[in-house]
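To convert a position in the sequence shown, counted from 1, into our numbering, add 5. For glycine and all other residues, C-beta sits at the position ideal for the given N, C-alpha and C.
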Amino acid sequence: MQEPKEIFVDTSRCTACKTCEIACAVAHSKGGNLYAALMESPAPKRRLYVEWVSPDKHVPVLCRQCEDAPCMHACISGAISRDERSVVVTDTDKCIGCWTCVMVCPFGVIGRHLETHKSYRCDRCPDRETPACVSSCPTKALIYRTAEEFSHGVRRGAASELVSGEGK
6 MQEPKEIFVD TSRCTACKTC EIACAVAHSK GGNLYAALME SPAPKRRLYV EWVSPDKHVP
66 VLCRQCEDAP CMHACISGAI SRDERSVVVT DTDKCIGCWT CVMVCPFGVI GRHLETHKSY
126 RCDRCPDRET PACVSSCPTK ALIYRTAEEF SHGVRRGAAS ELVSGEGK
C-alpha cells in the first residue's frame, strides 16, 4: 500500500492570513463557492484553525490522522473510520452528536456543528487532488506530501522545491 500523503506546515511562512480557513469552509459548502457559502444555512465550517503562538508565529492546526486514532476508538456510534486513503473520516449519517470524539482528540481539532449536532474534522478534501487549504495558501506554508517525500526534501535542503511543487 502506498504511503498516505500528509499536510505539513512550514511555520516560518504562515502569515495568519486565514485564506486556508476560508478555502476549507468553501470547499465543504454545498455551493462550492464563496458567495453561495456566505448564504448557506447551516453555515459551512472550516476544518483547520490558524492558531497564534507568538507575535510573529502562527500555526495552522488540523486533524493529524493519528495512527491509533483515539477518536475512532471512542466513537460510541461507530461513525469514525478510515477510508481507502487511510484518512480518518466521520460518517455524518451515523454520528449522534455525543462529542466523545471531541473530548478525546489530543489536538483539539474535531469541530462540533451545533446546528446539525454532528462532529467534523479535516477529511483531506476527498474530491480534490490537493486539499483546498494547501491549494489556497498564498505563502505555500502548507505542503501536501508523503512523510518520506517531505523528510527527503528537508534532508536535502530541497524544501523550496517541495513548496514550489518542483520536487517529486
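task: Tell me whether residue 47 sits in a helix, a strand or coil according to DSSP, three-state version.
output: If DSSP states are grouped into helix, strand and coil, residue 47 belongs with coil.
- request: Select from 67, 58, 59 the residue whose C-alpha is nearest the C-alpha of residue 50.
  value: Of the candidates 67, 58, 59, the residue whose Cα lies closest to the Cα of residue 50 is 67.
field: CB of residue 103 within 8 Å of CB of residue 85, strictly
entry: No.
message: Rounded to whole angstroms, what is the Cα-Cα separation between residue 2 and residue 92?
response: For the chain, the structure presents residues 6 to 173; residue 2 sits outside this window and is missing.
query: Shortest alpha-carbon distance to residue 53 belongs to which of 64, 47, 45?
result: For residue 53, the closest alpha carbon among the candidates 64, 47, 45 is that of 64.
query: Of the choices 123, 111, 131, whose alpha-carbon is the least far from that of residue 99?
result: Of all alpha-carbon atoms in 123, 111, 131, the one lying nearest the alpha-carbon of residue 99 is that of 123.
message: Give me, in chain order, the residues of the same chain whose beta-carbon lies closer than 6 Å to that of residue 43; leave out the 5 immediate sequence neighbours on both sides.
response: Cβ neighbours of residue 43 beyond the five flanking positions: none.
- request: Look at the alpha carbon of residue 46 and the alpha carbon of residue 73, and state the distance between them as a whole number of angstroms.
  value: Residue 46 and residue 73: Cα-Cα distance of roughly 34 Å.
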